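Trainee:
Number of protein chains: 2
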Amino acid sequence: MEQLNIHPELNTELLNFKLPEKLGFGNIMAPVMFKADYNNGNWESGQLLPYAAISLDPASKVFHFAQILFEGLKAYKVETVHPVLFRPEENWQRLNRSAQRMLMPELPQKLFMQALCSVTAFCQDLIPAKPLHSLYLRPFMIGTQASLSLSASDTFSFYVIASPSGPFKSSPLKVFIERDNTRAAVGGTGHVKVSGNYGAALSSTSNAMNKGYDQPLWLDAVEHRFIEELSIMNFFAVVDKEIVTPKLTDTILPGVTRDSIIRLAKEDGVVVHEQAMDIDDLLFSIKSGSCTELFACGTAAIVTPISVLADKDDQKYELPTLDDPVALRLRKRLLDIQQGQTEDTFGWLCPVPKQDWQIGD
Amino acid sequence: MEQLNIHPELNTELLNFKLPEKLGFGNIMAPVMFKADYNNGNWESGQLLPYAAISLDPASKVFHFAQILFEGLKAYKVETVHPVLFRPEENWQRLNRSAQRMLMPELPQKLFMQALCSVTAFCQDLIPAKPLHSLYLRPFMIGTQASLSLSASDTFSFYVIASPSGPFKSSPLKVFIERDNTRAAVGGTGHVKVSGNYGAALSSTSNAMNKGYDQPLWLDAVEHRFIEELSIMNFFAVVDKEIVTPKLTDTILPGVTRDSIIRLAKEDGVVVHEQAMDIDDLLFSIKSGSCTELFACGTAAIVTPISVLADKDDQKYELPTLDDPVALRLRKRLLDIQQGQTEDTFGWLCPVPKQDWQIGD
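As they're listed, the protein sequences go chains B and F. Position 191 (the first sequence) corresponds to 194 in the numbering used here; numbering is contiguous. Position 207 (the second sequence) corresponds to 210 in the numbering used here; numbering is contiguous.
(1) For the segment 55–78 of chain F, which residues have a CB atom closer than 7 Å to at least one CB atom of chain B, in sequence order?
(2) Pick out whichever of F:ASP271, F:GLU232, F:VAL241 has its Cα sitting closest to the Cα of THR451 of chain F.
(3) Within the continuous beta strand (DSSP E) that includes ILE57 of chain F, where are the two ends?
(4) Where DSSP assigns a beta bridge to THR185 of chain F, which residues make up the other side?
(5) Please list, in chain order, the chain B residues whose beta carbon lies closer than 9 Å to that of GLN237 of chain F.
(6) Taking the alpha-carbon positions, what's the THR348 of chain B to GLU109 of chain F distance?
(7) For VAL329 of chain F, does the three-state DSSP call read helix, strand or coil?
(8) Considering just the uninterrupted stretch of the beta strand (DSSP E) at CYS120 of chain F, what are its terminal residues?
(9) Pull the bridge partners of MET236 of chain B from the DSSP assignment, please.
(10) Using only the alpha-carbon positions, how far apart do HIS276 of chain F and GLU346 of chain F sit?
(11) What do you get for LEU18 of chain B, buried or exposed, if any count of 16 or more other CB atoms within 10 angstroms of its CB means buried?
(12) With DSSP as the reference, label GLY49 of chain B as helix, strand or coil.
(13) Name the residues in the segment 299–311 of chain F whose C-beta lies less than 7 Å from a C-beta of chain B; which are they?
(14) Since TYR162 of chain B meets chain F, which of its residues come closer than 8 Å, beta carbon to beta carbon?
(15) Quick test of your reading: GLY202 of chain B and GLN148 of chain F, contact by CB under 8 Å. State the CB separation rounded to the nearest angstrom.
(16) When you compare only the Cα positions, how much space is there between MET36 of chain B and ALA55 of chain B?
(17) Here's a check: name, in chain order, each residue in its chain whose Cβ is nearer than 8 Å to the Cβ of MET32 of chain B, leaving out the five neighbours to either side.
(18) Could you pull the start and end residues of the alpha helix (DSSP H) that LYS290 of chain F belongs to?
(19) Pop quiz: SER156 of chain B and GLY29 of chain F are said to be a contact at Cβ under 8 Å. What is the actual Cβ separation, rounded to whole angstroms?
(20) Do you know offhand how far SER288 of chain F's Cα is from THR324 of chain F's?
(21) Any residues in the segment 180–199 of chain F with a beta carbon nearer than 7 Å to a beta carbon of chain B? Which ones, in chain order?
(22) I want to verify the contact list: residues of chain F whose CB lies under 8 Å from the CB of TYR201 of chain B, in sequence order.
(23) Return yes when the Cβ of ASP281 of chain B is within less than 9 Å of the Cβ of ILE230 of chain B, no when it is not.
(24) Which residues in the same chain as PRO34 of chain F place their Cβ atom closer than 7 Å to its Cβ, once the five residues preceding and following it in sequence are excluded?
(25) Here's the rule I'm using: 16 or more other beta-carbon atoms within 10 Å means buried, otherwise exposed. How should MET236 of chain F be labelled?
(26) Are the CB atoms of PHE171 of chain B and LEU366 of chain B within a distance shorter than 9 Å?
(27) In three-state DSSP terms, what is LYS21 of chain B?
(28) In the DSSP assignment, find the unbroken alpha helix (DSSP H) run with ALA204 of chain F in it and report its ends.
(29) Would you please verify whether the beta carbon of ASP364 of chain F is less than 9 Å from any beta carbon of chain B?
(30) Taking C-beta pairs closer than 8 Å, name the residues in chain B that ALA224 of chain F reaches, listed in chain order.
(31) Taking 8 Å as the cut-off, is the CB of ALA155 of chain B close to at least one heavy atom of the ligand ZN?
(32) Comparing C-alpha positions only, which one of F:TYR216, F:GLU93, F:PRO11 sits nearest to TYR320 of chain F?
(33) I'd like to confirm the pairing. Which residues does DSSP put opposite LEU277 of chain B in its beta bridges?
(34) Locate the beta strand (DSSP E) running through GLU92 of chain F, then write down its first and last residues.
(35) Give the residues of chain F in contact with LEU119 of chain B, contact being defined as C-beta atoms less than 8 Å apart.
(36) Contact criterion: CB-CB distance below 9 Å. Does PRO23 of chain F meet it with respect to chain B?
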């Protein structure tokens, strides 16, 4: 399993690849991918391959039962010689929780790290050494068995693809409260990172965007009352100078950035409440002025302030503009660590060592 | 759009294809597939192609956001010269409801029917002319745009693949009441046929099977109390000689077989109640003897009696063995129509006309 097979044409792929001036976020795919197959109850050796189409039998379970999970994390190379991954162990643990919920095989940590490190090392020169730039890494696993019967696949493929990226949308978010559709049910898959959660969210996301907002804010599926998350970000409020964020349940994805923000805030002496958050209480506290900030966080966006929350009747709840908002202070704290601009006292960074393979070997 | 492109090697594929003696259900794939692509806001002409691997960019939305829907229906050729499809218009309408929920393009009825008819006509000689045998057809649509950003794909592919099939498992079902996990949330995607619903169901299905049962019975995600469906079948009870089935909500898939069974029962003078069904009331009525039958229905299984319902504490609620159960009477009524053994007074059968193309043209 620890052996890594390097495709002989990778060097040529890299030489022929031109990094465009304008990157965007997650738009440009690096010319490489990692692949490992799971057959007969075992993960086979990983391969570093040229980025190329995946071939699948039309009856593959990935199509018919969406037996698919994914992860997302970044490698930075701003102040460091070698790229650094941010808390990859958290992604590995979450990937395995997703795998368990979806009847997919656990991925050994060594294989996960081999995949991330080999792709990142290969892309080393494609990672812009500029603030807010990174290599966005997208591990994903799919069920590949060709069978239409409703049962788990017995074969799987694990991939890591990567996108040299610029900053994610950084202007303050306008968020639309989704009072009808829901993202996840108690007893469902909302707490794990499976593709089905996101497909189900497309309609509300588009609906919010058509109304001029950036994202829907999901409420719980039982009472349509308690705040859950944004589709790709967790949700935070600052009320009476203390941070409040929804307590994790089985309908909320436990974000790695969420956890990092909570720890940084606590280290800074800010009180953090993880608790049920009633949307109507929150709207009242925005109106009364006790809630002074809303923000969202996630791997792509890091921390993004929310400037307005809008309800179904198009009533808008605007947040004040502050001189020194908590959100931006935490964003800077986190970015400084991720970009190697301050001491990593939490031990969150994982340097990607020089690989002991030569492309073309 | 109405033009159909026929791959020149299809005839060879068909000649080389050997239908195995033992078919099973959905195991053997016919050597053909229909494909149509959606680009620039339009469906392009369909193609009848040899069954072959689908090639997809690793960043395709189908993998990352499970933008996938599917359908399932059967073509029979038991007493008819040409194969007959059962109520394909219902599948077409449901497919378009799924498409709308998943931000996928509507499929024109002509294209849907062209796909079903061309695949079925091509497979005409592969459909066993035996009772309970059929060609199981699996239309599906996937989002193919390569982009990691959470938005709907702007390109799609629609496929129909087919499986010459024998009877689906016909012995009475043992069903396990799923009191923890849930299948669908109010405001979610339970009422449409999208792959994500099925991936989320794999774990409970496997759990039920490991305990010696065939299927989990889903309860609602709000109170964990009202019966919804089995993962691939709708649920019926016979109480005091009347039929009771859960009323359709946005968490229950409206089965074509469900609708057919309700109509047949009503035509036979049986009272049918579509209403909320409390699981504990049902268990009580099994114990008291007023509930004499449970059964499930779906495209694959048609109608299958349920012999036992088991609860979390392993308590089993067994149904009596009857001389002339309602379930088997309705099953025979429906099969007789599907197989052309009785007059199709409802106009449910859609004969697949002789195609006006010659393979190899």
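Backbone N, C-alpha and C fix where the C-beta goes; we use that ideal spot for every residue, glycine too. As the structure is a prediction and not an experimental result, all values here were calculated from the model.
Mentor: Reading off the structure:
(1) ALA56, ILE57, SER58, LEU59, ASP60, PRO61, ALA62, PHE66, HIS67, PHE68, ALA69, GLN70, ILE71, PHE73
(2) Nothing in the structure corresponds to residue 451 of chain F, since chain F is present only between 4 and 364.
(3) 57–59
(4) Listed as beta-bridge partners of THR185 of chain F by DSSP are no residues whatsoever.
(5) Going by the sequence as given, residue 237 of chain F is Asn instead of Gln. Chain B residues near ASN237 of chain F: none, gap ~15 Å exceeds 9 Å.
(6) 53 Å
(7) If DSSP states are grouped into helix, strand and coil, VAL329 of chain F belongs with the helices.
(8) No beta strand (DSSP E) holds CYS120 of chain F; the alpha helix (DSSP H) holding it covers 112–125.
(9) B:LEU233
(10) As the crow flies, the alpha-carbon of HIS276 of chain F is around 27 Å from that of GLU346 of chain F.
(11) exposed
(12) In this structure, GLY49 of chain B counts as strand in the three-state DSSP scheme.
(13) Those residues of the segment 299–311 of chain F that come within reach of chain B (Cβ to Cβ, closer than 7 Å) do not exist; the list is empty.
(14) PRO61
(15) In fact, because the Cβ distance is near 13 Å, the residues do not count as touching under 8 Å.
(16) 8 Å
(17) TYR54, ILE164, ALA165, SER166
(18) 282–291
(19) About 14 Å; that fails the 8 Å criterion.
(20) 16 Å
(21) Under the 7 Å Cβ criterion, the segment 180–199 of chain F contributes ASP183, ASN184, THR185, ALA187, ALA188, VAL189, GLY190, GLY191, THR192, VAL197, SER198, GLY199.
(22) HIS67, PHE68, ALA69, LEU153
(23) By the CB criterion at 9 Å, ILE230 of chain B and ASP281 of chain B fall inside the cutoff.
(24) GLU16, LEU17, PHE20, PRO53, TYR54
(25) Residue burial annotation: MET236 of chain F is buried, with at least 16 other C-beta atoms found within 10 angstroms of its C-beta.
(26) Coverage of chain B is limited to positions 4 through 364, which leaves residue 366 of chain B absent and any answer about it impossible.
(27) coil
(28) No alpha helix (DSSP H) contains ALA204 of chain F, which DSSP labels as neither H nor E.
(29) With a pLDDT of 47 at ASP364 of chain F, under the threshold of 50, the predicted position of this residue should be treated as unreliable, and no value is reported.
(30) ALA188, VAL189, GLY190, GLY191, ALA224, VAL225
(31) As far as ligands go, the structure on display features none, and thus does not contain the ligand ZN.
(32) F:TYR216
(33) Residue 277 of chain B is actually Glu in this sequence, not Leu. Answer is B:THR248, bridged to GLU277 of chain B.
(34) First-last for GLU92 of chain F: 91–104, but that is the alpha helix (DSSP H), not the beta strand (DSSP E).
(35) Within 8 Å Cβ-Cβ: nothing; LEU119 of chain B doesn't reach chain F, min ~16 Å.
(36) no
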